[in-house]
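Protein chains in written order, with the UniProt record's numbering: chain A, 1 to 217; chain B, 1 to 300; chain C, 1 to 685.
Even for Gly, the Cβ is constructed at its ideal location relative to N, Cα and C.
All figures in this text were calculated on a predicted structure; none of them were measured in a lab.
This report concerns only the one structure given below.
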Amino acid sequence: MSRHPGLNLAHADEKAHAEAEPLLFGFWVFLMSDLVLFALLFATYATMMGVTAGGPGPKQLFELGPAAIETAALLCSSLAYGMATLVMKYERGRVWLLFWLGAALLLGLVFLCFEIDDFVGMFAKGGGIGRSGQLSAFFALVGTHGLHVTFGCLWIVVMMIQVLVFGAERRDNKTERERLLADRVQTRILRLGLFWHFLDIVWIGIFSVVYLQGLTA
Amino acid sequence: MAAAPFWFALLLVVLSGCAQTGSSMLHPWGMVAAAQRDWLVIAVALMMIVVLPVFVMVPLFAWRYRRRGGRGVYRPNWTYARVLEYPIWGVPVLIVAALAVMVATRETDLDPYRPLPGAGAPLEIDVVALDWKFLFIYPKEHVASVGLLAIPRGRPVSFHLTSDATMQSFFIPALGSQIYAMAGMETQLHLRADRDGVLDGENTQYNGADFQNEHVRVEVVPDASFARFLAECRVAGRVLDPSSYRMLAVRDTLVKAKAAFGLPPDGRLLFGDVQPGLFASIIAKYHPGDRTMRMAGQAE
Amino acid sequence: MTLNDWLFGRLTVQAALPFYSAIATAAASIVVVGALAVVVLLTKFRLWRPLWSEWLTSLDHKRIGIMYVVLALVMLSRAVVEAVMMRAQQAVSYDSPGYLPADHFAQLFTTHGTIMIFFMAMPFLTGIINYAMPLQIGARDVSFPLLNSVSLGLTAAGAALMMISLCIGRFSTGGWSGYPPFTELAFSPDVGPDYWIWAVTLSSIGSTLTGINFAVTIYKERAPGMHLFRMPLFCWTALCTSILMIFAMPPLTVATALLALDRYAGAHFFTNGGGGDVMNYINLFWLFGHPEVYILILPAFGVYSEVFSTFSAKALYGYRSLVYATMAIAVLSFTVWLHHFFTMGQGANVNAVFGIATMLIGIPTGVKIYDWLLTMFRGRIRFAVPLLFALGFILMFAIGGMTGIILANPGIDYQVHNTVFLVAHFHNVLIPGLLFGMLAAVQYWFPKAFGFRLNEKWGRTVFVLWTAGFLFAFMPLYALGLLGLPRRTVEYFQGAYRPWTLIAAFGALLLLLGLFAVGAWLFVSVRQRDDNRVPAGDPWNGRTLEWSMSAPPPEYNFAVRPRVTGRDQFMRDKLGGMAYLRPDEYEDIEIPLGSAVGPLLGIAGILCGFGLTWHIWWMAAGGLLLSIGTVIARSFVRETTRIVPAGEVRLQHEAWLGRLAMERPASRDQEIAPSNRGLALADGS
């Protein structure tokens, strides 16, 4: 069984485990470093709160509706991704795996569409990045998260193609070499999962600190 | 190389001899710089307790335990002695503790925000850092000068600083501390000059092509002469209002600014009247529409 | 937008060519001629293919390490020349404009600082760790060999931008720390700060990835039995440095990225007005900047620990103390950033807290110095070049540490902040601290990497010139700082400064000679290589695992992974007669195939950085697409490793063991004689 928490290569061999160990650990470390980046962007936003330079503030610019939809889309996307991981673990077949990955992707794209629409609306209301310190910090923080989601979506697309090309289950393949490739796809999907859930956590922070705080303060 | 610490130990003595009058802390002109010099000597002396043994032990050990001809015993597996751990950790801890106590107590003395004692009420001066010159406004006296700072001997001076350009650091070495001047913010500095003379003031934060020319002639004068300086300002007859301020704020040297006011390079650019509230308005213009003006550091 | 704008952005002939001063033109010409000479030589000797297939695309940590060091040495040369130019300017600029225009002088102190930190010091220590650390912990490679190559590619791309900036356009004049608002569009509308932003950003991303790679390697790739507390001290310092990189580089990335948003998107993070706040930048920058100091110095501490132990023929004194001291320094380094701006107007109590926190770092540092001293105590010291560097380091670093504690006193800092006293202090810690450590590491590990020792006499010359040069160049700056001379000034007006600037210029000249001596050191050693071969691989009677293999080592490092039973395993083996045993069995070894991903991402980085700097958007977008495409394409590559069959490993290893049996063991008296063939007489000294 798995030697590494969070890793469910239940049927894989020793070699796949040996490969996965530093990869997963390294990815956690990368996420930690990425979290420092977000923490600093949050801190920058916190110091810039209320610095509107005479421009529109959160009450004029933020809308709870779209932000709530974005939150729901991203959380549901994570749920779908969780389903994909389970499908992969219990080997329910490529179709279901692709279905759930596709669902996660779709919901991610929904998030992005609403977010872009949000940004366009803010610009239209005179709340662009150059209007004030607070808005600069807003776009840096929320934009960086959005950029992460964009790359996450691209990554999901790549992984869907890889599932088709390499398979994600050992039984998809005959030779040892090919089975190893399928194992690799599995650990990649797991790492993408960590990334995807990590973005949820960051978004929860954004939703609370930026949107809820901004609209109630 | 072993002579290196003596470079430093002798430095203060040697330097005090050759330091140009009125240019540095080594010839302090005020109580703050004098306290800083004393503090420096004490801190160096304290640290010599750790540093000097190193300078003795390195050559000593290197010689005694050299491979060819060394007399020391050889103990290749001697890697730990508990009795040595106490001084190794203990001595630095004690010295740092001593220094820390002194920092904690003296820091408030040397805090640039702390008003200083002296003869009479503090003289208030508003400093506006421009590229590449300093503007000094005497708000109570309603006069101003550029690149020239006259202060009465023995009377504490309370500076309020801001910048209408790049970030700068205002520094009169012979008098004491330096402090940043930043746009849209106000910082404070307290100094006192105890001897008459002409000192050098400068900006130490690089801010462009004429950074090196951003010097201030600091004139420490007796009270009577200070009154003459105020009269001189008024006689000059210039008014510091938005239009003359705009001429001053052009990004150029003091010499060019003087030329703009029809003065030769060694002329004295003085203003006999200053529009009230000018200093506050220079800060406020960076905060359009903000509910509260932000201040640097402890002013918050 | 015209076609010309679209194609070339802000790039025009007038803006681009370095004709603003004759000296800049000459410098650009030297770079161009140098680059052409390299191209011609590579073509003439038909070296392009081996350069590409055996070096640039190699994923072998040893080759990547060597490439990092080469990059560092190239950049060191440029930055030392710049330093000499600045010192020469100040020697002649008493009440006179000197020979350098003010703007050019400002570019020089900016590029000098940026290069020395990001493109000399960082690549140098990354290269040394890359080479030595996996060998010391008994690993076959780092955890992520491809990522390693990518880090190198990004760092080299940043360095390339620095070199391009010398020829096309101008560099920033805002100093290595790039403080706004001076670096904002309002005060620096030209491309200089943009060059700085992208060069530094590329390097900081590369360093973050390096930190992750090294930390995971040390946690996951240690040989069986190599517990953390059995690792050589150099590995501990590498681990602490890596952890610092992981946490300290993101603040830099954020600082430069937000400054870029100000300059490109009209944001107001650090501008005057619009709600910008320069204090945020200063905090972010030093949140990186202070841990960075320890990123730079800890690996050198590790090297000194190895050197003191090896050349005193004695196990390291106070190993655990040294480990705890290293960890303490790493943790404390995050708590002191505010001491870089005591003069920003925060309260006296805040300053006092950060001042005291800074002094606390003096405690573990003092402990380290005493531990090294006690390592020499009761040893048998050989004055080889690495030990000379280490001795020089201790003496000079003691002074640097002392002036550091002086600067940590807010009360005194108000006086010497922003003066050349500060410049003297950080050169005093970084030259003996970092650079001497790296040069000692070169002399120490060079025979392992290339199979022959470096020339001792030239090594000593390098040491003498750098030591004397350092003392003459920087001790006067302490004096000048106390006299109130601000840093970064192109001209000064006080006669009292004059004698000191002349002495400093003389010191700079010695440092220039020191740089030439480094060249001669390498050149002479390569020519005499046949007299100094050490095929048996252990020229210094080493104590740690890297000395247990041939020099240069095989691509897979260890024919059989070592079993570790304690500290200084190789010395144990030698004393116990267990070294160089014939293993019972060999295994197939999997090693990574070369990959073009690293160089391609480097090229993409250059395109992105250059395109963004000059607003050539198609080029920037092209670079971004190239990098994304490369990574995606790589994820579809099926064969990424190859197998070295057990039989081949056996053949190679036994051939080496056979040669070993023919060598005569050398005593330590023969250490620098040709008879030292890398087999040490196992007498413990």
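For residue i, which of helix, strand or coil comes out of DSSP?
i, result
"I172/B", "coil"
"P76/B", "coil"
"L515/C", "helix"
"R37/B", "helix"
"Y86/B", "helix"
"D117/A", "helix"
"T640/C", "coil"
"Q188/B", "strand"
"V198/B", "strand"
"Y65/B", "coil"
"S627/C", "helix"
"I129/A", "coil"
"L269/B", "coil"
"A284/B", "helix"
"V274/B", "strand"
"A2/B", "Since pLDDT at A2/B reaches only 46, below the 50 mark, its modelled position is unreliable, and the value read off the structure follows with that caveat. Looking at A2/B - three-state DSSP - the assignment turns out to be coil, as it is neither helix nor strand."
"H197/A", "helix"
"E54/C", "helix"
"Q494/C", "coil"
"T183/C", "coil"
When you compare the CB positions of residue i and residue j, do they come within less than 9 Å of one another, or not?
i, j, result
"D252/B", "D131/B", "yes"
"V50/B", "G366/C", "yes"
"V323/C", "I128/C", "no"
"L110/B", "S158/B", "no"
"A255/C", "Y219/C", "no"
"R103/B", "M359/C", "It should be noted that the sequence gives Val, not Arg, for residue 103/B. Contact flag set, yes."
"A121/C", "M438/C", "yes"
"K44/A", "W203/A", "Lys is not the amino acid found at residue 44/A; the sequence shown has Thr there. No, these two residues do not count as a Cβ contact at 9 Å."
"L11/C", "A28/C", "no"
"A67/A", "Y211/A", "yes"
"L316/C", "T79/B", "yes"
"A62/B", "F383/C", "yes"
With residue i and residue j assumed to form a contact (beta carbons below 8 Å), what rounded beta-carbon distance in angstroms separates them?
i, j, result
"G175/C", "I129/A", "27 Å between Cβ atoms; not a contact."
"G208/B", "F187/C", "7 Å"
"G147/B", "K133/B", "5 Å"
"P189/C", "L244/C", "That belief does not hold up - the Cβ atoms of P189/C and L244/C are roughly 35 Å apart, past 8 Å."
"V221/B", "F211/B", "Contact flag wrong, Cβ pair sits at about 28 Å."
"L278/B", "I137/B", "7 Å"
"L510/C", "L575/C", "Between L575/C and L510/C the Cβ distance is about 43 Å, and since that is not below 8 Å, they are no contact."
"residue 704/C", "D103/C", "Nothing about residue 704/C can be reported from this structure: the residues present for chain C run from 1 to 685 only."
Does the distance between the C-beta of residue i and the nearest non-hydrogen atom of the ligand GDP fall short of 8 Å?
i, result
"T201/C", "This structure simply doesn't include the ligand GDP, nor any ligand for that matter."
Point to revise | Members of the stretch 237-249 of chain C that neighbour chain A once the beta carbon cut-off is set at 7 Å | key: I246 and F247
Check your understanding: Going along the stretch 86-108 of chain B in order, which residues come within less than 7 Å of chain C, judged by CB to CB distance?
Key -> I88, W89, P92, V93, V96, L99, A100, V103, A104, R106, E107 and T108
Review point. Do the stretch 331-344 of chain C and the stretch 176-192 of chain B meet, that is, are 3 or more Cβ pairs less than 8 Å apart?
Key: yes
**Study point:** Contact between the stretch 246-255 of chain C and the stretch 205-224 of chain C (3+ Cβ pairs under 8 Å)
**Key:** yes
Point to revise | Members of the stretch 15-26 of chain A that neighbour chain C once the beta carbon cut-off is set at 7 Å | key: E21, P22, F25 and G26
**Study point:** Near-chain A residues of the stretch 634-652 of chain C (beta-carbon distance less than 9 Å), N- to C-terminal order
**Key:** S635, F636, R638 and E639
Check your understanding: Counting pairs of Cβ atoms below 8 Å between the stretch 479-486 of chain C and the stretch 415-424 of chain C, do you hit three or more?
Key -> yes
Practice item. Please list the residues of the stretch 216-230 of chain B that have a C-beta atom closer than 8 Å to any C-beta atom in chain C, keeping them in chain order. Key: none
Practice item. Report yes or no: do three or more beta-carbon pairs, one from the stretch 48-63 of chain A and one from the stretch 128-147 of chain A, lie closer than 8 Å? Key: yes
Practice item. Take every Cβ of the stretch 94-114 of chain C, pair it with every Cβ of the stretch 551-558 of chain C, and state whether three or more of those distances are shorter than 8 Å. Key: no
Review point. Touch check for the stretch 25-44 of chain C and the stretch 189-204 of chain C: three-plus C-beta pairs under 8 Å?
Key: no
Practice item. Please name the residues in the stretch 59-83 of chain A whose beta-carbon is closer than 7 Å to at least one beta-carbon of chain C, in chain order. Key: none
Check your understanding: Just checking, does the stretch 223-241 of chain C make contact with the stretch 560-572 of chain C on the three C-beta pairs under 8 Å criterion?
Key -> yes
Point to revise | the stretch 158-174 of chain C touching the stretch 567-574 of chain C, judged by at least three CB pairs closer than 8 Å | key: no
Point to revise | Residues of the stretch 469-489 of chain C whose Cβ lies closer than 8 Å to any Cβ of chain B, in chain order | key: L471, M475, Y478, A479, L482, L483, G484, P486, R487, R488 and T489
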